[in-house]
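Be aware that the sequence shown starts at 26, since it is given in the working numbering, and climbs by one per residue.
Structure first, commentary second.
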Amino acid sequence: MNRKVYEMGTSVLDLPYDVPPDPDEFIRAAMEWHFSPETGSRFWLERAGSLEFDPRKDVKSHEDLALFPNLINELRDIRIEDLIPRGYGAHPDVIGVYESGGTTGAPKRVVVLRDWWDRTGAWMSAHADAHGLPRNVNWLGITPSGPHFIGEIVAKQAIDRGGIKFSIDMDPRWVKKLIAAGKAGEAEAYAEHLLEQAVFPLRTQDIGIILTTPPMLERIARRDDLVELINEKVQGIMWGGAHMDGDTRYLYRTEVFPGARLYGFYGSTMVLGGAAERLGLSDDDPCVFDAFSPFITFSVIDPQTGRKVGYGERGQVVMNHVSKNMLMPNNLERDLATRVAAPAGTVGDSVADVTPVALFDNEAVIEGVY
């Protein structure tokens, strides 16, 4: 299939989501796209001269992405038009501008274009199929909306898979602000308010899939009436946005929500997506996440040395995004994880047992409800 696509003249950057490109050829093509004056974004073309290497000559493989400095904090202030590659022309098909959760200060912003939107949506839907999540059912998103990527993903998955999207408003920044100010009672009251809003569609509508966060799922699990309702009518629960420990995951899968398929997703708005729970894990296995390689890749490193830890060892997660839409390599995330070998034919690491670091950029990491 790859050979046929190339004969038709399709760029390695434009292959269908289910046709894996040669990883090294893909990286070289991406460097040409993002650093050519005709196709690159203003953001990267202006920074090319300050790099201590030539991306078009020196970055030839996934491992070479480590040459880049971590520029993620520049996304707090950058003009969003400067992130769009010139190769998309004068009128790029922009889906939206999305922001980080503001966990470590002012939010960072990325722009999502149509080709990446369609690619990541198709990839996510294929994984939902593989994990047994049904089509032609309605979705309830108990997630952030507004400037947050996850809210749009709920809508796209529901519609693309033949259902209707229901949602509630969630402002994760407000909860984090309350917790940081020592107002835990107010934060808890807000979380209960969110749960109250979710009860109405759960009781009155035909909800087949819930997409929510572990803190909200924990609150649902305290309510026997909601647990019974979910086990009666909800067929799948997709979780992400915050962390879930192995014991809790085991309890949900085996005792609390045995009537629904529990499916985890791990990622970041700053890499425009992330990783899906590995197929075939038992209830006793740790939750392993496999990234959307080679577009989104992880490394697990010792933050003191920058070197990869051994398989089975703990380290800090580095994320890379490489596509026509965006280049954001070597982004040190606020998470610790166990390094796991990635599936055959992919690049980078898989991760398990993800937990937040205590401090990141000299700021306390607060998860709140997301």
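Built from N, CA and C at the ideal position, the CB exists for glycine as well.
Because the structure is a prediction, the values reported are computed rather than measured.
Same chain, Cβ closer than 7 Å to Asp378, neighbours up to 5 away in sequence not counted: Cβ neighbours of Asp378 within its own chain (closer than 7 Å, five residues either side excluded): Gly271, Pro311, Ala362 and Thr363.
Which listed residue (Pro62, Arg144 and Met195) has its alpha carbon closest to that of Tyr42: Residue nearest to Tyr42 within the set Pro62, Arg144 and Met195 is Arg144 (criterion: CA-CA distance).
Close-in-space but distant-in-sequence residues of the same chain around Glu63 (CB under 8 Å, 5 per side omitted): In the same chain as Glu63, and ignoring 5 residues on each side of it, the C-beta atoms closer than 8 Å to its own belong to Arg111 and Gly112, in chain order.
Nonlocal neighbours in the same chain, by C-beta distance under 7 Å from Ser318, ignoring five residues either side: Closer than 7 Å at Cβ, skipping near neighbours: Ala367, Thr371, Val372 and Gly373.
CA-to-CA distance, Lys82 to Thr238, given in whole angstroms: Computed Cα separation, rounded: 42 Å.
Identity of the residue in Val122, Glu213 and Asn161 nearest Ile189 by Cα: Residue nearest to Ile189 within the set Val122, Glu213 and Asn161 is Asn161 (criterion: CA-CA distance).
His218 burial status per 10 Å Cβ neighbour count (16 or more: buried): His218 comes out exposed.
Assigned secondary structure, Leu254 (DSSP; H/G/I helix, E/B strand, else coil): Per DSSP, reduced to three states, the secondary structure at Leu254 is helical.
Euclidean distance between Cα positions of Arg244 and Arg303: Note on geometry: alpha-carbon atoms of Arg244 and Arg303 lie some 26 Å from one another.
Boundaries of the alpha helix (DSSP H) in which Thr322 is found, first to last residue: Looking at the DSSP string, Thr322 is not in any alpha helix (DSSP H); the run it does join, the beta strand (DSSP E), is Ile321 to Ile326.
Nearest-angstrom Cα separation, counted from Met195 out to Leu220: Taking the Cα positions, Leu220 is about 10 Å away from Met195.
Reduced DSSP category for Asn27 - H, G, I as helix; E, B as strand; rest coil: Because the pLDDT at Asn27 is just 43, under 50, the model does not fix this residue reliably, and the value given afterwards should be weighed accordingly. Asn27 falls in the helix class under three-state DSSP.
Closest by C-alpha distance to Glu71, when choosing among Pro46, Glu99 and Asp89: Selected option, being the one with the closest Cα: Glu99.
Buried/exposed call for His116, threshold 16 Cβ in 10 Å: By the neighbour-count rule (16 or more Cβ atoms within 10 Å), His116 is not buried but exposed.
Counted within 10 angstroms of its Cβ, other Cβ atoms place Lys29 as buried (16 or more) or exposed: At Lys29, the pLDDT of 41 sits below 50, so the modelled position is not reliable and the matter cannot be decided from this model.
Sheet register partners of Arg286 (DSSP bridge): Per DSSP, the beta bridge partners of Arg286 are Gly261.
In chain order, each alpha helix (DSSP H) run of at least 4 residues that lies wholly inside the region 46–104: Entirely contained in the region 46–104, the alpha helix (DSSP H) runs reaching 4 residues are, in chain order, 48–60, 67–73 and 80–83.
Element boundaries [beta strand (DSSP E), containing Lys190]: DSSP places Lys190 inside the beta strand (DSSP E), whose first and last residues are Lys190 to Ser192.
Cutoff 8 Å; reference Phe191; Cβ partners in own chain excluding five residues on either side: Short of 8 Å from the beta carbon of Phe191, and not among the five residues preceding or following it, lie these beta carbons of its own chain, in chain order: Asn163, Trp164, Leu165, Gly166, Pro226, Gln230 and Ile232.
Collapsed DSSP secondary structure at Ser36 in the structure displayed: Correct three-state label for Ser36: coil.
Environment of Thr168 [buried if 16+ CB atoms lie within 10 Å]: With 16 or more other Cβ atoms within 10 Å, it is buried.
Cβ separation of Val259 and Ala285, assumed to be a contact under 8 Å, to the nearest whole Å: Correct: roughly 5 Å between the Cβ atoms.
Contact check, Pro354 vs Gln341, beta carbons under 8 Å: No; because the gap between Cβ atoms is not below 8 Å, this pair is not in contact.
In chain order, each alpha helix (DSSP H) run of at least 4 residues that lies wholly inside the region 135–189: The alpha helix (DSSP H) runs of length 4 or more contained entirely in the region 135–189 are, from start to end of the chain, 139–155 and 174–185.
Pairwise C-alpha distance: Val44 and Arg67: Between the alpha carbons of Arg67 and Val44 lies a gap of roughly 30 Å.
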